[in-house]
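Residues in the sequence shown are numbered from 1 upward in steps of one, following full-length UniProt numbering.
Every residue, glycine too, gets a C-beta built ideally from N, C-alpha and C.
Right, one structure below, let's go through it.
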Amino acid sequence: MEAFLDTEGGQVAIIRCVVNSSPAAQLALYKGTELVASSSSKAGASERVTVKAAPNALRVEIKGVVQGDEGKYNFRASNAYGNTSGEMFLHLQTVRVLITPSTEVQEGEAVSLTCDVMGSPAEDTVYSWYRNSKQIQESTENSLAFPRVASGDAGSYHCKAQGTGGSISSNISPSISLHVY
Numbered sequence: 001m002e003a004f005l006d007t008e009g010g011q012v013a014i015i016r017c018v019v020n021s022s023p024a025a026q027l028a029l030y031k032g033t034e035l036v037a038s039s040s041s042k043a044g045a046s047e048r049v050t051v052k053a054a055p056n057a058l059r060v061e062i063k064g065v066v067q068g069d070e071g072k073y074n075f076r077a078s079n080a081y082g083n084t085s086g087e088m089f090l091h092l093q094t095v096r097v098l099i100t101p102s103t104e105v106q107e108g109e110a111v112s113l114t115c116d117v118m119g120s121p122a123e124d125t126v127y128s129w130y131r132n133s134k135q136i137q138e139s140t141e142n143s144l145a146f147p148r149v150a151s152g153d154a155g156s157y158h159c160k161a162q163g164t165g166g167s168i169s170s171n172i173s174p175s176i177s178l179h180v181y
């Protein structure tokens with residue numbers, strides 16, 4: 001069983017369950033005790049959830065993922081000769097860094113980095129910015145601006161969003177590299 005999260009053009013989580021069996025197995029995917037998808041029915045199919053089943057394979061695509069989609073998923077496969085199961089934890093990346101206009105810019109260009117938080121961040125959210133793992137700024141603003149970027153601004157950036165009254169408590173983005181030439 002494998003899962004991945006595509007954050008390009010929207011938040012989409014894809015979970016694939018594959019087994020090698022003959023005769024073909026019936027496959028089912030659960031989140032907790034709730035059936036998410038099955039190879040024998042369109043369970044789970046909705047505007048947000050697309051289910052594709054093939055012999056010994058199940059693909060579940062969740063569009064517009066929300067924090068509630070994160071969690072432990074259980075996979076069960078069974079045929080006339082027995083059954084097997086597995087589990088995995090779907091981790092959602094709730095914070096990411098967006099760079100405008102691009103991750104590769106010329107010296108002197110204006111560059112803006114935005115700490116993008118999934119959902120609705122609390123009004124009291126504090127954003128901490130890091131370059132090459134060293135904190136460079138802390139603010140209630142979710143952006144870091146370089147009106148005229150210099151070669152010394154190049155590096156690996158990540159942000160941390162921390163709030164007390166909203167849907168996030170403390171989340172750190174993956175790093176993204178800014179190249180200045």
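Q. Secondary structure at S85, three-state DSSP: helix, strand or coil?
A. In the sequence shown, the residue the question calls residue 85 occupies position 85. Here S85 sits in strand by DSSP.
Q) Helix, strand or coil for G9 per DSSP? A) Counted from its first residue, the sequence shown places residue 9 at position 9. Reliability fails at G9, whose pLDDT of 41 lies under 50, so the model's placement of it is uncertain and the value that follows must be treated cautiously. DSSP places G9 in coil when its eight states are reduced to three.
Q) Among the residues of its own chain, which have a CB less than 7 Å from the CB of N20, if the five just before and after it don't count? A) Counted from its first residue, the sequence shown places residue 20 at position 20. The answer, listed in chain order, is N56.
**Q.** Cβ-based burial, N83 [other Cβ within 10 Å; buried from 16]
**A.** Position 83 of the sequence shown, counted from the start, is the residue given in the question as residue 83. By the neighbour-count rule (16 or more Cβ atoms within 10 Å), N83 is not buried but exposed.
Q: Consult DSSP for G165 and reduce its assignment to one of helix, strand or coil.
A: Here residue 165 refers to the residue found at position 165 when the sequence shown is read from its first residue. Since pLDDT at G165 reaches only 49, below the 50 mark, its modelled position is unreliable, and no value is offered.
Q: Return the chain-ordered list of same chain residues with a C-beta closer than 6 Å to the C-beta of S173, the five sequence neighbours on each side being excluded.
A: The residue given as residue 173 occupies position 173 in the sequence shown. Within the same chain, S173 has close Cβ partners V95, R96, V97, H158, C159.
Q | Residues near V105 by beta carbon distance below 7 Å, same chain, minus five either side | A | As a position in the sequence shown, residue 105 is number 105, starting the count at 1. Answer for V105: V111, V149, V180, listed in chain order.
Q.
What residue range does the beta strand (DSSP E) around H91 cover?
A. One-based indexing of the sequence shown puts residue 91 at position 91. Per DSSP, H91 belongs to no beta strand (DSSP E) and is neither H nor E.
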